[in-house]
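Quick notes on the structure that follows.
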Amino acid sequence: HLGKLDPFDGLGCCHDRKLPEEARFILVTTSVSIEESLPLLRGAFAFAAQERDVFLLCKFHYHLPLYEAVNALASEYGFTRFRIFESDLYDLMRLAPILLSAGSSTCIEAIVFESMPVVFRSPGEMSSNPMLDVPDAGFFWHTFEELRSALGSCFQRDEAYSMRRAAWPKAI
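Residue numbers (this note's numbering): 1 to 172.
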């Protein structure tokens, strides 16, 4: 599947959804677990608030809509460069080169759409995480410093990023 995607019009996608064309997009998908989702969102907003050109594309798990939590984080960080979506997950994966998520099948789907999974790991939480079967195909984080390092690698497309991307064929 890798490299065999139909052409994607990123500028058209931005235009249709009224998104800034010049932004660096991060897709943030939450899980059904609030214990995973809240720290994941906090990390995303904390990171993005420090980066002038990062725009968050948020997609909630349908069983756990977190509108109030996202609005509270946006207010806390004084951050307005985000949008919440209820559909179009695959288009968002194609638009965003990075998926910030809890471990789920969404991470494997993101690889198919050439979006690097950056997976939140909640210590002490037993999760059904398919990325644990292919740990070389993405980044894992728990602390903010781990998140910052992983996202830095993704934006720079450095050696750590390239090694993980090279592992994608065996992941799918």
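For glycine and all other residues, C-beta sits at the position ideal for the given N, C-alpha and C.
Selected residue, minimal CA-CA separation from Asp6, among Glu114, His15, Ala74: Residue 6 sits at position 6 when you count from the first residue of the sequence shown. Considering only alpha carbons, the answer is Glu114.
Mind pulling the beta strand (DSSP E) runs of 3 or more residues that sit fully within the stretch 24-94? As far as the stretch 24-94 is concerned, its whole beta strand (DSSP E) runs of at least 3 residues are 24-29, 54-59, 82-85.
Could you round the C-beta distance between Leu147 and Leu27 to whole angstroms and report it? I think they count as a contact, below 8 Å. For the purposes of this step, residue 147 is taken as the residue at position 147 of the sequence shown. For the purposes of this step, residue 27 is taken as the residue at position 27 of the sequence shown. 15 Å between Cβ atoms; not a contact.
In three-state terms, what does DSSP make of Phe8? Residue numbering aside, residue 8 sits at position 8 when the sequence shown is read from its first letter. Coil at Phe8, not helix or strand.
Member of His61, Asp53, Ser122, Ala49 whose CA lies at the smallest distance from the CA of Leu89: Residue mapping note: residue 89 aligns to position 89 of the sequence shown, counting from 1. Closest option to Leu89, Cα to Cα, is His61.
How many angstroms separate the CA atom of Ala46 from the CA atom of Ala160? On the sequence shown, position 46 is the one that residue 46 refers to. On the sequence shown, position 160 is the one that residue 160 refers to. So the alpha carbons of these two residues sit roughly 23 Å apart.
What's the gap between the Cα of Ser37 and the Cα of Cys107? For this step, residue 37 is matched to residue 37 along the sequence shown. For this step, residue 107 is matched to residue 107 along the sequence shown. Distance between the alpha carbons of Ser37 and Cys107 is about 15 Å.
Burial state of Asn129 (16 or more Cβ within 10 Å): Within the sequence shown, residue 129 is the residue found at index 129, counting from 1. By the neighbour-count rule (16 or more Cβ atoms within 10 Å), Asn129 is buried.
Out of Met131, Ala150, Leu11, Val70, state which residue places its alpha-carbon closest to the alpha-carbon of Ile172. Position 172 of the sequence shown, counted from the first residue, corresponds to residue 172. Ranking the options by Cα distance to Ile172, first place goes to Met131.
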